[in-house]
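This report concerns only the one structure given below.
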Amino acid sequence: MAGMAPGQMQLPDICMTGGDHPMEEMSMKPEQMDEAHMALMEGMDEMNRQMMMGMMAEDVDVAFICGMIPHHQSAVNMAKAELDHGDNEDARAMAQKIIDSQEQEIAEMMSWLEEHAAAEAAN
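Counting in our numbering, the sequence shown runs from 4 upward without gaps.
Take a look at the structure:
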């Protein structure tokens, strides 16, 4: 992990291969992906756009929360793709846990934003 910035992680080798080809060599063209992988990737560009837009909020606390909401929603979407296409019961159980926890956290963040906006409006 030499050369990595603090707080970053390196994925295990098993995550870095796509069949017989390392991910760096693969072109991620949608027409080359199966339905399951397309479902996992769906919405990634939109999530990135929304995260970047949300993180531009002037208040850093609001920026953090606004950036995290699409991040969490993307995790929910990926977990739903696992439930639709995966066949390993342990992975499916993790996916359901992710859906349950991330949806709860999204609700908490949305509530925090509403309360914060109301407090700001009152000032």
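Backbone N, C-alpha and C define an ideal beta-carbon position, used for all residues, glycine too.
Count the other CB atoms within 10 Å of the CB of residue i; is the residue buried (16 or more) or exposed (fewer)?
i	result
glutamine 11	exposed
methionine 113	exposed
methionine 50	buried
proline 73	buried
alanine 96	exposed
List the endpoints of the continuous alpha helix (DSSP H) containing residue i.
i	result
methionine 71	63-88
leucine 116	92-125
alanine 42	38-44
glutamate 49	47-57
Skipping 5 residues on each side, what residues in its chain have a beta carbon closer than 7 Å to that of residue i?
i	result
alanine 42	Ala84, Asp87 and His88
glutamate 123	none
I'd like the list of long-range same chain contacts for residue i, defined as Cβ closer than 6 Å, with 5 residues on each side in sequence excluded.
i	result
methionine 58	Ala66 and Gly70
So, for residue i: in the same chain, excluding its five sequence neighbours on each side, which residues have a beta-carbon less than 8 Å away from its beta-carbon?
i	result
glutamate 111	none
- request: Tell me, please, whether the stretch 47-55 touches the stretch 69-79 by the rule of three or more beta-carbon pairs shorter than 8 Å.
  value: yes
- request: Pair every Cβ in the stretch 71-91 with every Cβ in the stretch 101-109, then say whether three or more of these pairs are closer than 8 Å.
  value: yes
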